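Here the structure is laid out as structure tokens; the discussion comes afterwards.
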Amino acid sequence: MTLNLKIWRQTNTKDKGQMEDYTLSNVSPDASFLEMLDQLNEELIPNGVDPIAFDHDCREGICGMCSLMINGQAHGPEAETTTCQLHMRKFNDGDTVVIEPFRAKAFPVLKDLMVDRSAFDEIIAAGGFTSVNTGNAQDANAILVPKENADLAMDAASCIGCGACVASCENASAMLFVSAKVSQLALLPQGRAEAELRVQNMVKKMDELGFGNCTNEAECEASCPKGINISNIARMNREFISAAVTSKQKPTV
């Protein structure tokens with residue numbers, strides 16, 4: 006197929022940036038979206054054109070690096086699919102495809118389609134540690150955890166930190182990401198020891214970094230490639246309010 010591509014080009018963080026048009030032919034419907042960009046770069050480089058910079062790593066839907074807005078949708082038109090798992094058969098011959106970076110105050114553009122998502126790392130670091138016993142792993146049944154809680158914690162832990170929730174929210178809220186990271190520990194007994202301080206620190210750091218607040222539009226859930234449920238936001242709010250009112254521990258970061 007032949008595609009008309011409108012791609013955001015930006016030299017660095019200080020550059021204003023602009024959309025540029027490209028035409029790419031002989032695109033296989035079996036190619037992944039990132040392979041299509043590879044194909045375009047292979048045509049640009051011999052012609053002396055600076056290749057398009059974009060984030061990628063595992064290309065297996067695990068790492069969360071492939072953060073692209075495709076026709077206005079984070080990761081593209083297919084539900085619960087990362088950009089690297091999106092195949093070109095979702096598009097038709099002659100289609101115009103608009104490709105942009107994730108846009109948020111806390112995600113400055115580094116170059117072209119690459120953004121700096123180190124703000125997420127700072128939030129995780131603010132969460133601190135989890136107390137565990139050293140030595141050999143305990144038997145699976147040594148710590149009793151209700152299956153429902155274990156399932157919910159595993160669902161929350163499937164968040165890959167890609168930032169689609171932030172990019173899709175008109176407030177650039179990171180509540181879904183932070184709530185997933187809070188929930189995966191708050192639901193388990195191993196995470197309860199530091200639970201009060203953890204949620205206060207992570208919420209405080211999220212606010213400091215310039216992320217917006219949640220207004221329950223659920224765009225984050227709709228765009229999440231791992232289907233993280235917004236019920237985690239409610240859980241985080243309960244954890245935060247309880248800690249703010251009753252905890253003797255106050256935010257430390």
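First residue of the sequence shown? That's 6 in the working numbering, and the numbers climb one at a time after it. Positions of the beta carbon are idealized from the N, C-alpha and C atoms, including for glycine. Quick caveat, the model's predicted, so the values are computed rather than measured.
CA-to-CA distance, residue j to residue i, given in whole angstroms
i: I129; j: M6; result: 42 Å
i: T18; j: T139; result: 44 Å
i: L29; j: I235; result: 38 Å
i: A124; j: C63; result: 21 Å
i: I255; j: S188; result: Just to set this straight, residue 255 is Lys in the shown sequence, not Ile. If I take the Cα positions, the gap works out to 19 Å.
i: N76; j: F96; result: 11 Å
i: V150; j: V137; result: 16 Å
i: M180; j: G53; result: 43 Å
i: W13; j: A169; result: 17 Å
i: M74; j: M24; result: 13 Å
i: V258; j: A162; result: 23 Å
i: Q90; j: S33; result: 14 Å
i: S184; j: N237; result: 5 Å
i: R197; j: R240; result: 14 Å
i: Y27; j: T220; result: 37 Å
i: K186; j: P51; result: 44 Å
i: I246; j: K21; result: 41 Å
Contacts around residue i, its chain only, beta-carbon distance under 8 Å, and the 5 residues preceding and following it disregarded
i: T86; result: G66, H80, P230
i: G99; result: M6, T7, L8, N9
i: N154; result: L192, L193
i: A172; result: S72, M74, A79, F107, R108, A109, F112, S228
Pair within 9 Å by beta-carbon distance, residue i and residue j
i: T101; j: N206; result: no
i: F59; j: D117; result: yes
i: H92; j: D35; result: yes
i: V114; j: R108; result: yes
i: E222; j: C174; result: yes
i: N176; j: G217; result: yes
i: E244; j: I233; result: no
i: Q78; j: S178; result: no
i: T135; j: E199; result: yes
i: K11; j: V120; result: no
Those residues which DSSP pairs with residue i across a bridge
i: K186; result: BP columns for K186 are empty, so no partner.
i: I104; result: I12, I75
i: K261; result: No information on residue 261 is available, as it lies outside the stretch 6 to 258 that the chain covers here.
i: L29; result: L8
i: M207; result: None, per the DSSP bridge assignment.
i: M24; result: W13
i: G166; result: G166 pairs with nothing; no bridge assigned.
Candidates the options: closest to residue i by CA position
i: A249; options: E201, L190, G168; result: E201
i: C164; options: L149, I148, L190, D144; result: L190
i: F112; options: S228, M211, G99; result: M211
i: H61; options: N52, S72, G53; result: S72
i: G166; options: E127, G69, S247, A142; result: G69
i: E224; options: F182, S252, T251, Q195; result: F182
i: N31; options: T88, P82, A84, R94; result: R94
Minimum Cβ-Cβ distance from residue i to chain D less than 9 Å
i: K255; result: Here chain D cannot be found, since the structure has a single protein chain.
Contact set for residue i: own chain, Cβ-Cβ below 6 Å, skip 5 residues either direction
i: L214; result: A111, A124
i: A158; result: Q189, L192, L193
i: G132; result: R203, M207
i: K209; result: P256
Spatial neighbours of residue i in its chain, beta-carbon cut-off 7 Å, leaving aside the 5 residues before and after
i: N46; result: P56, I57
i: T16; result: K116
i: E127; result: K210, L214
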